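I have placed the structure first, in the form of structure tokens, so that the comments after it can refer back to it.
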Amino acid sequence: MQSTAELWSALTADSEKFAQYVQALRDIDGRVGSFLSFSPQVVSSQKTGSLSGIPVGVKDNIAVEGQPLTCGSRILENLISPYSATAIQRLVAEGALMVGKTNLDEFGMGSSCENSALGNTSNPWNLDYVAGGSSGGSAAAVAAGLVPLALGSDTGGSVRQPASFCGVYGLKPTYGSISRSGLTAYASSLEVIGPMARDLQLLKESFRVMAGLDSMDQSGTAGSCSSDQTNGTIAVLELDEGVLDAPVAEAYRQAIDALEALGHPIKRVSLQSLNLIVPAYYTIATAEASANLARFNGIRYGMAPTFAENPAELMRKARHEGFGDEVKLRILLGTYVLRSGFQDQYYGQAQKVRTLIRQELAAIYQDASAILMPVFPTQAFKKGEGGMDEYRQKTADVFTCLANLAGLPALAIPTGLSGGLPLGMQLMAPAFGEERLFALAKELEKTFPLETPEGALDIGSLQ
Amino acid sequence: MSRAHEKYDVFIGLEIHIHLKTESKMFCSCPARYGDDPNVNVCPVCMGYPGALPAVNERAMELGYLVARALGCQTAKTTSFARKNYFYPDMPKNYQISQFAEPVGLNGMMEAGFDDGIRGIRIHDVHLEEDAGKMIHAGDVTLLDYNRAGYPLLEIVTEPDLRSGEETEAFLRSFQRLVRYLGVSDGNMDEGSMKCDANISINLPGKGLGTKVELKNMNSPRFVRLALNHEIERQAKVLDGGGSLVQETRLWNENRDITETMRRKEAADDYRYFPEPDIPPFRPDEAFMAGVETSLVELPLARKNRMAQEYHLTPEQADFLHDEKSTADFFEETVQAGADARTVAAWLSSDVRKLCNREQISLAQSPLTSARMGSLLNLISSGKISGKIAKKVLDMVFTENADPEAIVKKQGWTQISDPAELQTIVDAVLHEHSAVADAVRDGDVRQRGWLMGQIMRASDGQAAPNVANQVLDKALGL
Amino acid sequence: MVPSQDEWSLTAELARLELDEGEAVRLASEAERMKELFLTMSQANVEGLEPTTHAFAGDNRVRPDSAVSFDNTDRFLDAAPEAEDEFILIPNVL
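Right, here's the structure in full:
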């Protein structure tokens, strides 16, 4: 039985079949809208390695030399990246093919992919529903079978939530374990590039290839997780009634039962600082974002207004015309919480709350090898007005933001369907505990086999 | 001191920026070089492209700690970077990576010589940061060149301990000397490797600091002096007239010799400093600090004082010799090889200096090495050549780039010290000028000097003076 | 005029965000809502805690000081909205 990697490798090496694949992809993506730009001519890679011939979708905030780097924003609509992210370089060195840039919420800000100024992505399971965000395009591309591997970035859940909405695996690695060089910064101390795939082995291998210190990123870290002393105990977050939608609550119970059945002692825990997670996250994230997005001012690259009387006006106009509402809101908030007179109360307080949260988690990990949590309180919601309002989307980030504030690795695992839409759970490990997460996911594979949406690309049909 | 000084206390503090002498920029590997075509020493990092991250330059960190140490600061056990947020077209990221909470050095002191003696000026802090790009204003447009963006800068902030334009100029020159001695920067205000902004306030005695005015655009130590003195008078006039001063930034206009309010002053920027998340804190270990100690040379003032004492130099000689480290090194090397200190000092401060000026090169750039200096002085002291000839030899060292012995040999300038040979010359001169000779014999000793001159002429300056004197005196019966 | 809108206008100016009338009102009210959420953090007991300024306290990271030129720097000029003769152009600052 050929592995996923082998199947794809064989396909992309065969130019006729590859052409069929490209056509099929275009047809399907005409409906799903996962790619903002597609560069199939990349097929003739000279490199061979563990990812030989694997086509990869790359979130359009990660730099690939010679390909667009729009970040889903008008202000960078015409930008072609002059360099490649280190993570991309490492994938390419192993033979992977960067075949296109996927849609995202503008600059990574959002939980639906509806905040993109340049594209429209739908959930492959039901086109009336969102793919999730901010890495919605990558999740949809993998779920729809367009690529076996896609990259996203996870600042507050942006890999795990869309992965969960689309029924695929999504890994948020340990902060610093994959170089951020080439990842357009949104929140520098919180985010990391993360792979998404349907095949666990491929997910694992892509992480292994990308991980490691990089001289271009001095915030990187390397390390290892000590071996488990808790007999595989899984801590399970206790939640109040009604916090989760019914199908999600049910899936949560099933996941707990499954782990128990697999022989893992279960330890129920509550997080005192649960209600502090979202305010702390958004304070820190917006603060860092306000500085990270200051560079976009229509002077050195990107879109500039057709006329401005002076440079100050040029900058204001470029940002006014180029940024969407959500981006403007977060820049505004981030600037505010850093302002003289407010900084201690907001940003300073948030950084201390962050320490408090880390301490609480450290205590939990004394007695548990991993923590099980939901990814999001709901399944994928409807697109447009009938969906979830922006404020609620933010407060719903509570389960995912936790891993970002603590810098810990977390893996979103698909756990079946309800009402035709995917369900997912997440496991979070101590720093550098990715192996633990992969192992647990492998165990759960049998209980929750992956499903495939109707109309997904089946490369088997191209053979 | 001016009239204003009689009535008011003056408080001047400085913010000095120096370009550090590194190969690459502060946060990326682009060349840190002057004079290249615009926008060629750039990369995604220093152009502020999306996704680009800063990587701290090791050498810049070393130089930062070295200066902090040399200025007597408490050097940081942990040093960290911060983002200083403001928008300007020459800023690639619209924030500058600087230092705020944990700079490389705090609470130092630098001694400098002023008119009324040596005094310590307190250093508030020393911190690392990056430079912005360059703007050239041309008609309708401004041209942007980002070659300089990301250059490693060290900012030195003093306390308001300076009292006048003169003191400030003296301090700046001392500071320049110090950073050049350390080899951390060229410290050149006209080349742009050093910039100085001043904060000045005046107040009635005993009332503490007054309303602070920031002065910018002073492009040399001399202009700093002029600008500050002008500003002191301006402020005094305002206060004398019962008015009050506005806290503002003023620019020195070197064409009109006045300070002017900066046009279109932007609303006071709130820099919103916060810790730079892309760069982890730096904790220098023992090896690092040991390296700093090794690089810490004897500082200019200490060197001047020691040399003056050790070699019995005059204040002027000590001043001249210590002004550049290469001169001081040259001097001491030559003396330690056996030459007489006062003699070396005299030669360096007169003839050598003249030649360097004429050729428009520094001593370090010249063909004169301390070995050659030593051998030249040796030739004089051993009587092989006269002082006069030595000057010609020195000139030829510069023009021919040759060793003194070789020059003397080639030119045939060896002094005539053989009494018999000199006797012949003396006899010839006395014979030609017998009247003068007789006059001297009769008692007109003043004319003896003239005869000596004739002997020198007749011997092409090669007559060894002491021997020639003896021979002449004998011939004149003196 | 909602008092808090002035705060947000000043904040917008610090961020060089020009907001038109409608935007200013809408964003100010959303921002106020988020601000209220942030204020709930004041209830946390963070006495004696150090702020987390960096995700992980790594070893010293420094880069050796050697100059490497970026390949094909022409593309930076090509990418600029306005460029001429090796310079990037903007309207005159003065």
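Residue numbers (the numbering used here), protein chains in the order written: chain A, 3 to 465; chain B, 335 to 812; chain C, 739 to 832. Each residue gets a CB set at the ideal place from its N, CA and C atoms; glycine is no exception. All values derive from a computational prediction rather than experimental measurement.
Between the options, which lies nearest to residue i when the distance is taken from Cα to Cα?
i, options, result
"tyrosine 605(B)", "Lys418(B), His339(B) and Asp524(B)", "Lys418(B)"
"alanine 282(A)", "Glu96(A), Leu13(A) and Ala352(A)", "Ala352(A)"
"leucine 71(A)", "Gly110(A), Glu18(A) and Leu99(A)", "Gly110(A)"
"phenylalanine 505(B)", "Asn589(B), Arg556(B) and Trp747(B)", "Arg556(B)"
"phenylalanine 113(A)", "Ala296(A), Gly158(A), Gln4(A) and Asp369(A)", "It should be pointed out that residue 113(A) corresponds to serine in this sequence rather than to phenylalanine. Among Ala296(A), Gly158(A), Gln4(A) and Asp369(A), the Cα nearest to that of serine 113(A) belongs to Gly158(A)."
"asparagine 391(B)", "Glu755(B), His339(B), Trp784(B) and Lys355(B)", "Lys355(B)"
"aspartate 812(C)", "His767(B), Gln430(B), Lys427(B) and Asp479(B)", "Asp479(B)"
"leucine 340(A)", "Arg568(B), Pro609(B) and Ile695(B)", "Pro609(B)"
"serine 311(A)", "Asp424(B), Arg584(B), His767(B) and Asp474(B)", "Note that residue 311(A) is glutamate in the sequence shown, not serine. Per the Cα distances, Asp474(B)."
"glutamate 768(C)", "Val329(A), Gly418(A) and Ala431(A)", "Val329(A)"
Tell me whether the beta-carbon of residue i lies closer than 8 Å to the beta-carbon of residue j.
i, j, result
"glutamine 428(A)", "alanine 412(A)", "yes"
"methionine 443(B)", "arginine 302(A)", "no"
"proline 424(A)", "cysteine 115(A)", "no"
"serine 709(B)", "aspartate 737(B)", "yes"
"leucine 239(A)", "isoleucine 195(A)", "no"
"glutamate 493(B)", "arginine 456(B)", "yes"
"leucine 815(C)", "isoleucine 828(C)", "no"
"alanine 561(B)", "tyrosine 342(B)", "no"
"leucine 459(A)", "leucine 81(A)", "no"
"aspartate 772(B)", "alanine 809(B)", "no"
"serine 36(A)", "alanine 142(A)", "yes"
"isoleucine 286(A)", "serine 191(A)", "yes"
"alanine 466(B)", "tyrosine 422(B)", "yes"
"glycine 717(B)", "glutamine 749(B)", "yes"
"valine 376(B)", "alanine 410(B)", "no"
"leucine 202(A)", "tyrosine 171(A)", "yes"
"lysine 722(B)", "glycine 795(B)", "yes"
"leucine 512(B)", "proline 426(B)", "no"
"phenylalanine 121(A)", "proline 164(A)", "Per the sequence shown, residue 121(A) should be read as glycine rather than phenylalanine. Contact flag unset, no."
"lysine 61(A)", "serine 155(A)", "yes"
Per DSSP, residue i is paired with what?
i, result
"phenylalanine 448(B)", "Gly451(B)"
"cysteine 690(B)", "Beta-bridge pairing links cysteine 690(B) to no other residue."
"threonine 595(B)", "Arg584(B)"
"alanine 216(A)", "As written in the sequence, residue 216(A) is aspartate, which differs from the alanine given in the question. Paired residue(s): Asp219(A)."
"arginine 511(B)", "Per DSSP, none; premise fails for arginine 511(B)."
"tyrosine 429(B)", "Asn419(B)"
"histidine 458(B)", "For histidine 458(B), which the question treats as bridged, DSSP gives no partner whatsoever."
"proline 829(C)", "Val475(B)"
"threonine 413(B)", "Phe616(B)"
"leucine 151(A)", "Val58(A) and Ala199(A)"
- Query: What residues from the stretch 182-211 of chain A come within 9 Å of chain B, judged by C-beta to C-beta, listed N to C?
  - Reply: Result list: Arg182, Ser183, Gly184, Leu185, Thr186, Ala187, Ala189, Ser190, Ser191 and Leu192.
- When you check each C-beta in the stretch 368-401 of chain B against every C-beta of chain C, which residues fall closer than 8 Å? Under the 8 Å Cβ criterion, the stretch 368-401 of chain B contributes Asp371, Pro372, Asn373, Val374, Asn375, Val376, Cys377, Pro378, Met381, Ala389, Val390, Asn391, Glu392, Arg393, Ala394 and Met395.
- Given 8 Å, three or more beta-carbon pairs between the stretch 234-250 of chain A and the stretch 366-385 of chain A: Taking one beta carbon from each stretch, the stretch 234-250 of chain A and the stretch 366-385 of chain A have 3 or more pairs nearer than 8 Å; the two touch.
- Query: In the stretch 577-590 of chain B, which residues sit with their C-beta less than 8 Å from some C-beta in chain C, listed in chain order?
  - Reply: Of all residues in the stretch 577-590 of chain B, none has a Cβ within less than 8 Å of some Cβ in chain C.
- Task: Assess, as a yes-or-no matter, whether the stretch 326-335 of chain A is touched by the stretch 356-368 of chain A under the definition of 3 or more beta carbon pairs within less than 8 Å.
- Result: Two segments are said to touch when three or more pairs of C-beta atoms, one from each, lie closer than 8 Å; by this definition the stretch 356-368 of chain A does not touch the stretch 326-335 of chain A.
- Task: Inspect the CB distances between the stretch 533-551 of chain B and the stretch 569-586 of chain B and report whether three or more fall short of 8 Å.
- Result: Counting C-beta pairs closer than 8 Å gives three or more between the stretch 533-551 of chain B and the stretch 569-586 of chain B, which meets the contact rule.
- Output, in sequence order along the chain, the residues in the stretch 747-759 of chain C whose CB is closer than 9 Å to any CB in chain B. Against chain B - using a Cβ distance shorter than 9 Å - the residues of the stretch 747-759 of chain C are Leu748, Glu751, Leu752, Ala753 and Arg754.
- the stretch 98-106 of chain A / the stretch 61-79 of chain A touching (three or more Cβ pairs under 8 Å): As far as the Cβ criterion goes, the stretch 98-106 of chain A touches the stretch 61-79 of chain A, which means the pair count is three or higher.
- Message: Give me the subset of the stretch 465-489 of chain B whose CB atoms are less than 8 Å from a CB atom of chain C, sorted by chain position.
- Response: Result list: Met469, Ile470, His471, Ala472, Gly473, Asp474, Val475, Thr476, Leu477, Leu478, Asp479 and Tyr480.
- Query: Per the contact definition of three or more C-beta pairs closer than 8 Å, is the stretch 585-593 of chain B in contact with the stretch 614-633 of chain B?
  - Reply: Between the stretch 614-633 of chain B and the stretch 585-593 of chain B there are fewer than three inter-stretch CB-CB distances shorter than 8 Å, so the stretches are not counted as touching.
- Query: Relative to chain B, which residues along the stretch 68-84 of chain A have a C-beta separation below 9 Å, given in chain order?
  - Reply: Going along the stretch 68-84 of chain A in chain order, one finds Leu71, Cys73, Leu78, Leu81, Ser83 and Pro84 with a Cβ nearer than 9 Å to chain B.
- Message: Using a Cβ-Cβ cutoff of 7 Å, what residues of the stretch 423-457 of chain B are near chain A? List them in chain order.
- Response: Per Cβ criterion, the list reads Pro423, Pro426, Lys427, Asn428 and Tyr429.
- Message: I'd like to know if the stretch 10-21 of chain A and the stretch 50-61 of chain A are in contact, where contact means that at least 3 CB-CB pairs between them fall below 8 Å.
- Response: They touch, by the three-pair rule.
- Task: Would you list, in chain order, the members of the stretch 780-806 of chain C that have their beta-carbon closer than 7 Å to a beta-carbon of chain A?
- Result: For the stretch 780-806 of chain C, which is checked against every Cβ of chain A, the residues closer than 7 Å are Ser780, Ala782, Val784, Leu787, Glu788, Pro789, Thr790, Thr791, His792, Ala793, Phe794, Gly796, Arg799 and Arg801.
- Task: Name, going along the chain, the residues of the stretch 334-355 of chain A whose beta-carbon falls closer than 8 Å to a beta-carbon of chain B.
- Result: So the list reads Thr337, Leu340, Arg341, Ser342, Gln345 and Tyr349, given in the order they occur along the chain.
- Message: Using a Cβ-Cβ cutoff of 7 Å, what residues of the stretch 213-227 of chain A are near chain B? List them in chain order.
- Response: Within the stretch 213-227 of chain A, the qualifying residues are Ser217, Met218, Asp219, Gln220 and Ser221.
- Check whether the stretch 797-810 of chain C touches the stretch 364-378 of chain B, counting contact only when three or more Cβ pairs, one atom from each stretch, lie closer than 8 Å. With the rule of 3 Cβ pairs closer than 8 Å, the stretch 797-810 of chain C counts as touching the stretch 364-378 of chain B.
- Determine which residues of the stretch 611-622 of chain B have a Cβ less than 9 Å from any Cβ of chain A, and write them out in chain order. Cβ contacts with chain A: Pro611, Asp612, Ile613 and Pro614.
- Message: At a CB distance below 8 Å, what residues from the stretch 763-774 of chain C approach chain A? Give them in sequence order.
- Response: So the list reads Arg764, Leu765, Glu768, Ala769, Arg771, Met772 and Lys773, given in the order they occur along the chain.
- Query: Looking at C-beta atoms only, is the number of pairs between the stretch 317-325 of chain A and the stretch 746-758 of chain C that lie closer than 8 Å three or more?
  - Reply: They touch, by the three-pair rule.
- Residues of the stretch 311-334 of chain A with a CB closer than 7 Å to any CB of chain B: list them in chain order, please. Identification of residues in the stretch 311-334 of chain A having a C-beta nearer than 7 Å to some C-beta of chain B yields Pro313 and Met317, given in sequence order.
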